[in-house]
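S.K.: Numbering follows full-length UniProt numbering, with no gaps: position 137 of the sequence shown is 137.
Before anything else, here's the structure in question.
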Amino acid sequence: MKVIQHSVETLHTALISSHTDLAKHYSKYSKKERRFLEDGLRLGGPGFSPFQPITVHSDSDWIPCHPEEPQDFQSFYRAPYRKIPSTCHNTIYIQPIGSFGEVKAQTDQYVEWLTEYCQAFFLGLAVKLLPPVTVAETGCSFRVNSNSHNLQILTSDLLRFLEKRKPKDAFCIVGFTMIDLYPRDSWNFVFGQASLTRGMGVFSFARYDDNFYSRAYAGRVKKQLQLKRGDYSVFEGYYTPPISSTLLLRSCKTMTHEICHMFGMQHCQWVSCVMQGSNHLEESDRRPLHLCPICLRKLQSSIFFNIADRYKALLHWMDDGRSERSSTASQSLPHFPKPLQAFDTPRLWLRRCLDILEDDKR
Numbered sequence: 001m002k003v004i005q006h007s008v009e010t011l012h013t014a015l016i017s018s019h020t021d022l023a024k025h026y027s028k029y030s031k032k033e034r035r036f037l038e039d040g041l042r043l044g045g046p047g048f049s050p051f052q053p054i055t056v057h058s059d060s061d062w063i064p065c066h067p068e069e070p071q072d073f074q075s076f077y078r079a080p081y082r083k084i085p086s087t088c089h090n091t092i093y094i095q096p097i098g099s100f101g102e103v104k105a106q107t108d109q110y111v112e113w114l115t116e117y118c119q120a121f122f123l124g125l126a127v128k129l130l131p132p133v134t135v136a137e138t139g140c141s142f143r144v145n146s147n148s149h150n151l152q153i154l155t156s157d158l159l160r161f162l163e164k165r166k167p168k169d170a171f172c173i174v175g176f177t178m179i180d181l182y183p184r185d186s187w188n189f190v191f192g193q194a195s196l197t198r199g200m201g202v203f204s205f206a207r208y209d210d211n212f213y214s215r216a217y218a219g220r221v222k223k224q225l226q227l228k229r230g231d232y233s234v235f236e237g238y239y240t241p242p243i244s245s246t247l248l249l250r251s252c253k254t255m256t257h258e259i260c261h262m263f264g265m266q267h268c269q270w271v272s273c274v275m276q277g278s279n280h281l282e283e284s285d286r287r288p289l290h291l292c293p294i295c296l297r298k299l300q301s302s303i304f305f306n307i308a309d310r311y312k313a314l315l316h317w318m319d320d321g322r323s324e325r326s327s328t329a330s331q332s333l334p335h336f337p338k339p340l341q342a343f344d345t346p347r348l349w350l351r352r353c354l355d356i357l358e359d360d361k362r
């Protein structure tokens, strides 16, 4: 295992910048916010340390496999591909694709939970859920994976579908599905694919099922199954993993990670962060649910939230708070308790960060 440990001075420059205009921009944070962000760069200090260094566990992890130039705040802010919401394009649209479970009411609530989480994570932007569509409605190509013997749908076709469906006021549109994905015939699979310049992305939660790689995985189809082009009946009643606390946690991580890319945020190589890249599920599970100080500043400079208010919104979601919008939308549905067991550590982390931000003695 290798620990990636940057000096406090290096992290400080990555957060604030050596350029006068960006340093002046940083000075607009409150004294408490600046103290929180800067103290957070002193990794592993005495007492509670909100942020930790990145650990690389094997050569198959993201950083050894994908050498990238670290993106500090300055390079993010100056990047030509950086995207900022405007008054005309200020809504994140979420598009469910295909089936999400046997119990429709529970599926509907799962999608609502994801939408609410995004609303808190991207505080200040509207997040709207589009009506779900079947695989047939997308008109996408599909296949059976020759290794895992599960159904897969083609990402490029899904992106074309999303482009046609993208509302005029969209900052971005993201599609998600419980069906496995592939980007081209020569690839085994892909977790997701995006067109950042066009503000679109699609990703799958299929491989977040703990049993996906097992021979007993219920999504494996019969080897003799012959698919016919345009015959989408094979997706009717197709297996989807049960909605568990772990699946919800993994879904929240993936969705927010991918949407952050739409702002122009690259993979984080500074501090342990939800924006770290991941090559496999075990590495993805090691990522925290939160943004590091440097990535937090990147997002805040794009949508201008108060840090404490954002943490309170996320904590409210984890305390099973239901927004007025969600309560109204779900009045006709049976109530399924939100599975929050996997969120115990993130909930405690938020509370301790709020204690720091609201400490009048600091």
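For each residue, glycine too, the CB sits at the ideal point set by N, CA and C.
Keep in mind that this is a model prediction, so the values were computed, not measured.
1) Which residues mark the beginning and the end of the alpha helix (DSSP H) in which Arg347 is found?
2) Tell me which residue opens and which closes the beta strand (DSSP E) that Phe171 is part of.
3) Touch check for the stretch 247-262 and the stretch 194-211: three-plus C-beta pairs under 8 Å?
4) Going straight from the alpha carbon of Pro53 to that of Leu227, what length do you get?
5) If you count every other CB in all the chains shown that lies within 10 Å of the CB of Gln341, and 16 or more means buried, which is it?
6) Leaving out five residues before and five after Ile307 in sequence, what residues of the same chain have Cβ atoms less than 6 Å from its Cβ?
7) For Asp180 versus Asn147, is the C-beta spacing smaller than 8 Å?
8) Kindly list the residues whose CB is nearer than 6 Å to the CB of Thr246, restricted to its own chain and excluding five residues on each side of it in sequence; keep chain order.
9) Contact between the stretch 189-202 and the stretch 171-178 is defined here as three or more beta-carbon pairs at a separation below 8 Å; is this criterion met?
10) For Leu159, count the other beta carbons within 10 Å of its own beta carbon; 16 or more makes it buried, fewer makes it exposed. Which is it?
11) Is Met255 helix, strand or coil when you go by DSSP?
12) Using a Cβ-Cβ cutoff of less than 7 Å, which residues in the same chain neighbour Lys338 once the five nearest sequence positions on both sides are dropped?
13) Okay, do the stretch 90-109 and the stretch 49-66 touch, 3+ Cβ pairs below 8 Å being the bar?
14) Nearest by alpha-carbon distance to Leu15: which of His257, Pro242, Ser301 and Leu125 is it?
15) How about Asp359: is its C-beta nearer than 8 Å to some C-beta of chain D?
M.R.: In terms of the structure at hand:
1) Asp344 to Leu357
2) Ala170 to Thr177
3) yes
4) 48 Å
5) exposed
6) Glu33
7) no
8) Ala342
9) yes
10) buried
11) helix
12) Trp113 and Asp320
13) no
14) Ser301
15) The structure shown contains no chain D, having only a single protein chain.
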